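With UniProt numbering, the residue at position 63 of the sequence shown is 63, and numbering never jumps.
In this text, a Cβ means the ideal position worked out from N, Cα and C, and glycines have one as well.
As the structure is a computational prediction, the values presented were derived from the model and not from experiment.
Note sheet for the following structure.
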Amino acid sequence: MSSFFKSRSAQITVLIISFLLVFVPYFIPWGPLDWFSGKLMTIAAVTNAFTIVIAVYSQFRRSGRFINERRKGWVYHIYLLVLLVVMTLSGFIFGQHVGAYQWILLAVVTPLSSVIYGIL
1 MSSFFKSRSA QITVLIISFL LVFVPYFIPW GPLDWFSGKL MTIAAVTNAF
51 TIVIAVYSQF RRSGRFINER RKGWVYHIYL LVLLVVMTLS GFIFGQHVGA
101 YQWILLAVVT PLSSVIYGIL
């Protein structure tokens, strides 16, 4: 059974069906389809929240190894972790629509993200 879900055609089929179940109710209002679409979007939002937590945890572990071993570019991993903590704390403390958070996002994170990912 697991080899079936690993196949490319099964993944594309699930993707297309999920897309249609969320997209079609905007144009064809029908009660049961709206309900199912809402449930599917809730499941996707919860899954997304868990994956963000796992991604942050994984990034801390990976960057911690780079810093401890003093690998090439370890200073940039310190910068990455500091920026991750600053963005998270400023988002929780000030909110996402406050000028300080928006400034950090637009003036620091966005311009330097391509440099950081290029180095990693």
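Counting along the chain, no alpha helix (DSSP H) covers Pro25, and no H or E run does either. The count of Cβ pairs closer than 8 angstroms, one atom from the region 56 to 68 and one from the region 76 to 91, reaches three, so the stretches are in contact.
Ser7 sits in coil when the DSSP states are folded into three classes, being neither helix nor strand.
Secondary structure of Arg71 (DSSP, three-state): coil. Counting other Cβ atoms within 10 Å of its Cβ, His77 reaches 16 or more and is therefore classed as buried.
Between the region 11 to 25 and the region 36 to 56 there are three or more C-beta pairs closer than 8 angstroms, enough to call the two in contact. Ranked by Cα distance from Val85, the options Gln59, Val46, Ser7 are led by Gln59. Going by C-alpha positions, Ala107 is about 30 angstroms away from Thr47. With a 10 Å radius around the Cβ and a threshold of 16 neighbouring Cβ atoms, Tyr101 comes out buried.
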